Each structure stands twice: as structure tokens, then as C-alpha cells.
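These notes are about the structure you will find just below.
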Amino acid sequence: MSTMAYVVSLVDCNNFYVSCERVFDPKLEGRSVVVLSNNDGVIISRSNEAKALGIGMAVPFFKIRRLIEENDVQVFSANFPLYGDMSQRVMSTLSQFTPDMEIYSIDEAFLDFSGFKGVDLTAYGRKIRGTVKQWTGIPVSIGIAGTKTLAKIGNEIAKRSPKAEGVVNLVKSEHLDQALARVEVEEVWGIGRRSAPRLRDKGIETALDLREAEEAWIKKKFGLPGLRTVLELRGTPCLTLESSPPPKQGITTSRSFGAPVESLDDLKEAVADYVSRAAEKLRGQGSLARILTVFLMTNPFGKDSQYHNAIPIELPIPTDSTPELLHQALAGTERIFRKGYRYHKAGVILSGLLPRGQVQADLWEKEGPVPERRRKLMQALDRVNARMGAGTVAFAAEGIHKVWRMKSERRSKRYTTRWDELVEVTV
DNA sequence: TCTGGGGTCCTAGGACCC
DNA sequence: TCTGGGGTCCTAGGACCC
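Heads up: the first sequence begins at 12 in my numbering, then just goes up one per residue.
Shown next, in the form of C-alpha cells:
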């Protein structure tokens, strides 16, 4: 009997949102490009050229407007339908290369390479990289190692070292210590803004230092998550591959407004819109919600007087039906609304989720908590909106003038998900 | 003037019980 | 005058992720 050593790779799309924009506009290649968050608030993706200009991640757009204009940086509002669709193409390409894969985020996946006997994994990584580029246009980097945390480190090195040609294999590598020494402690997966300075205070400055740290001290100061990180750096796998992720435990839909909102009517419209989106997600994963929370808040950065309130509402019957949820959410909004504030953001959280099938029907009527006719209507609604774009069919409560709608002044077309926004080819 | 959104897991501490 | 000890469950908040 032989135990096969665990080998995992992390495939990460380079500057993903920027790369998506470049696929549909090749003139952006080689230029400085950034993508903005919802409401054109902060920077969420940067090309290497933009990074070289000193444009940081999550920096408010208005603070670097000058820098952007002076350097002719190309700016895009977030186009999540496009990025989501491109992500699916990348993931389905990756799935051809291993039977066991975990989609970790919109632009990252772990691929299990355990048991790939006699395969040159570095060469295999290059093949994956080439195929993804050819089939989707998206450049990726790949790190291969004995644990997820080390694969992340390999990926980081692959991104910054041109010699690597996009792939770094740390399995039985004699360069492992050298690689760990080149990674700052705050770049280690699991070490965030709070922990890094506390580690540095103790002289722990690199991934290599962290690997050598004393276990008991780490456990005491950084808990189980910290200890796991150290063990993973030592090559002991603590984090497994989640090939079929469990359904989400909560579903949130929230947005900051394009301009301050003061009237209850406008707030209710916005909340209605968010409830509809949240309910779609809920039905999409086949769950019912037991609790609905509405929250409102003023701008935490501004000089306006502050108000923040949230109200959790226990639903009389677990449900996934938009009209039911709307009714509760609008009542909740009225209860927490206070006149005289300039509201900046509102949101809806669905929690206490149950799998639809598992709810005992006999607790309610024969048909279960959501009557059959209502369920059919919701299905039809979701199909139309998925095909034609969110909000094509909407409830009256969602409003039509939408003064609260977020800013998105520089969005590219939804090339792959809207018939009316296909790429135009000029011959 | 203008500062995103959506998640997960862990821990400490309170409430409650025997 | 003195004020146990342990277990479980729940929740809020912290830290982290992309």
C-alpha cells in the first residue's frame, strides 16, 4: 500500500477584470488600465502598467483622478455580467485538466494533481496556461505545491518572475526556502492587516520566518487559523479541496447609492430592488430563508450626522417567494427609517437558510411552504431575467425612476450576455 | 462633490441549566 | 456573610478572503 502525496495547484487569472476588458478591446494591451468598483467608488483591478504608476488596490477613484488623467490611464466601471461569464469559460477550460477542482473565487481555482504519476507538472502547468489563453484570451499564473498555502506562494512568485513563464512548481524544490524568503509576511495567505504588524514586531518578516515560528506562541496569539497557516507552510496540508462547495449560509444584496437618498419612498424602491436580486440568488441555490434583515446607513466618511440601523425579521414561514419577502422588507424599511438623514447605502440579508427539499412539507400545507402556482411564477421570472438581463421583468415596488441607482459611467458593453451589446466588427 | 460588495470561520462572552 | 463549577447554546464582533 502506498500513500500518494498530496499535490495541489492554484490557477489565478492575472489582473482578471482588466484582462476581461482587454479580450474585447485589444488596443488596451500594453496600456495602463483600471477597473472601478460598483458606484465607480474604488479601484478593484489594475494592469501591471497601472500598478507601476503606483495606483494602489481599493484606493478611492477621486483621490487619484489627477494621476489617472496625467498618465492617460484607461478607466472602466465594473461590468460583472461580463466578468462572471468570462469566469465560467475559464473554469470550464480548467476542468478539462483534472477530475478534482475547487472554484475558489471568480478568478481562482485549485486543481488537485495528486496521483499524476510520472507527469512533469511544470510542463502540464504550461499546457494549462496556454490552453486557457487560447480558448478564452485570459492570461493565468500557476503555483504547484504540497499544500494550498504553498501553492499560493508559488503562484505569487510565478506572477512576479518573468523567468517562470507563468508556472512555479515548489514540489520537492531545492529553491523552496529561497522562494519563501522572497515573500513578505503580509503576502502570505491568511495573514491580514491586523496580524502582519504583530508578527513583524517579533521579527517575523517573511514567509520563511513565519514557517519557523514557534507553534505554541502562534496558537496563543493567532488562534487556530494562524496555526494552520504555519503548518501549511511546513508542508502539512490542513486545508482540503472543496470540490462541491456547500450552499451559502447567507445571501446579501446591498449597494451604495449614486447620490444621497433622503425620502422613504426612494429607499423603499431601492430595498425592493435588492430583495428581488437576493430572492433570485436564493432560488438559484434552492434554499428557503427563515430570516430577512434590512439595513440602512448614512455615509461613514462624510460629515453628515450618522445613522445606522438593521432589523432582523423572522419570517412566519420559510420562503423563497419574492412577493412575500418584499412585503416583509418594505415593512422593515418603514420601521427603521428616520427622517432627516442623507442615506448612503441600504441592503438586505437572507439568513437561516434551509434546503428547499428538506423542509418537511407537513409543517405547512400539502404542497410545502411555497404554493405550486407561486413557485411556477418565480421560475418564469428568473428565466426571463437570466436570459434578458436582471430587472427585465420587475415588481412595481422596485420603481422606475430609480434616483438611487449607482453610478456606472464608464462601463464596457456586456458583450457576452446581452444580444444588443455584441462585439461590433468593422471590416 | 466623489471612499465596493459578498462571503467564511473562529472566539469570547453571556444566558441558561443542572 | 458569602457568593461553585461545569456544560451547552447562541450571538456579536473580529479577522480574513477575493
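Backbone N, C-alpha and C fix where the C-beta goes; we use that ideal spot for every residue, glycine too.
As the structure is a computational prediction, the values presented were derived from the model and not from experiment.
| said: Just list the residues that DSSP pairs M308 with in beta bridges. | reply: Here residue 308 corresponds to residue number 297 of the first sequence, with the count starting at 1. In the DSSP output, where bridge partners are listed per residue, M308 has H319, K356.
| said: Let's test the definition: count the other Cβ atoms within 10 Å of the Cβ of G41 and tell me whether it reaches 16, buried, or not, exposed. | reply: Locating residue 41 in the first sequence gives position 30, counting from the first residue. By the neighbour-count rule (16 or more Cβ atoms within 10 Å), G41 is not buried but exposed.
| query | When DSSP builds the beta bridges, which residues end up paired with V46? | reply | Translated into the one-based positions of the first sequence, residue 46 becomes position 35. Partner(s): S56, F87.
| For F121, which beta-bridge partners are listed by DSSP? | As a working note, residue 121 is residue 110 in the first sequence. Its beta-bridge partners are L21, E113.
| Which residues in the same chain have their Cβ closer than 7 Å to the Cβ of R245, if we skip the five residues on either side of it in sequence? | For the purposes of this step, residue 245 is taken as residue 234 along the first sequence, with counting starting at 1. Non-local beta-carbon contacts of R245 in its own chain, meaning distances under 7 Å to residues more than five positions away in sequence, involve R222 in chain order.
| Span separating the alpha-carbon of L78 from that of N26 | Stepping through the first sequence from its first residue, residue 78 is reached at position 67. Stepping through the first sequence from its first residue, residue 26 is reached at position 15. Between L78 and N26, the C-alpha separation is close to 20 Å.
| field | Expected contact under 8 Å - CB spacing of R8 and S332 to nearest Å | value | Because the chain spans 12 through 438 in this model, residue 8 falls outside it and cannot be assessed.
| field | D373 burial status per 10 Å Cβ neighbour count (16 or more: buried) | value | Indexing the first sequence from 1 puts residue 373 at position 362. For D373, the predicted model reports a pLDDT of 45, less than 50, meaning its position is unreliable; a value from the coordinates is still stated below. Label assigned to D373: exposed.
| message | Going residue by residue through the stretch 196-231, where are the continuous beta strand (DSSP E) segments of at least 3 residues, counting only ones entirely within it? | response | Every candidate beta strand (DSSP E) stretch fails here, since none sits fully inside the stretch 196-231 while reaching 3 residues.
| Buried versus exposed, by CB contacts within 10 Å (16 or more), H412 | Sequence index remark: in the first sequence, residue 412 carries index 401 (1-based). Around the Cβ of H412, a 10 Å sphere holds fewer than 16 other Cβ atoms; the residue is exposed.
| field | Cutoff 6 Å; reference W430; Cβ partners in own chain excluding five residues on either side | value | Looking up residue 430 in the first sequence gives position 419. Excluding the 5 residues flanking it on each side, W430 has no same chain C-beta neighbour closer than 6 Å.
| Residue interval of the beta strand (DSSP E) (run including F268) | Here residue 268 corresponds to residue number 257 of the first sequence, with the count starting at 1. Note, F268: beta strand (DSSP E), 262-272.
| field | Straight-line gap, R57 to S43 (C-alpha atoms, nearest Å) | value | Residue mapping note: residue 57 aligns to position 46 of the first sequence, counting from 1. Residue mapping note: residue 43 aligns to position 32 of the first sequence, counting from 1. Cα-Cα distance, rounded: 8 Å.
| said: Here's the rule I'm using: 16 or more other beta-carbon atoms within 10 Å means buried, otherwise exposed. How should S267 be labelled? | reply: Looking up residue 267 in the first sequence gives position 256. Buried is the call here.
| Pairwise C-alpha distance: S30 and H319 | Reading the first sequence from its first residue, position 308 is the one you call residue 319. Reading the first sequence from its first residue, position 19 is the one you call residue 30. Taking the straight line joining both Cα atoms gives about 37 Å.
| Would DSSP call S247 helix, strand or coil? | The sequence position of residue 247 within the first sequence is 236, counting from 1. Note on residue identity: the sequence assigns Thr, not Ser, to residue 247. Of the three classes helix, strand and coil, the one that applies to T247 here is coil, per DSSP.
| request: Give the DSSP bridge partners of P92, in chain order. | output: For the purposes of this step, residue 92 is taken as residue 81 along the first sequence, with counting starting at 1. Partner(s): none; P92 has no beta bridge.
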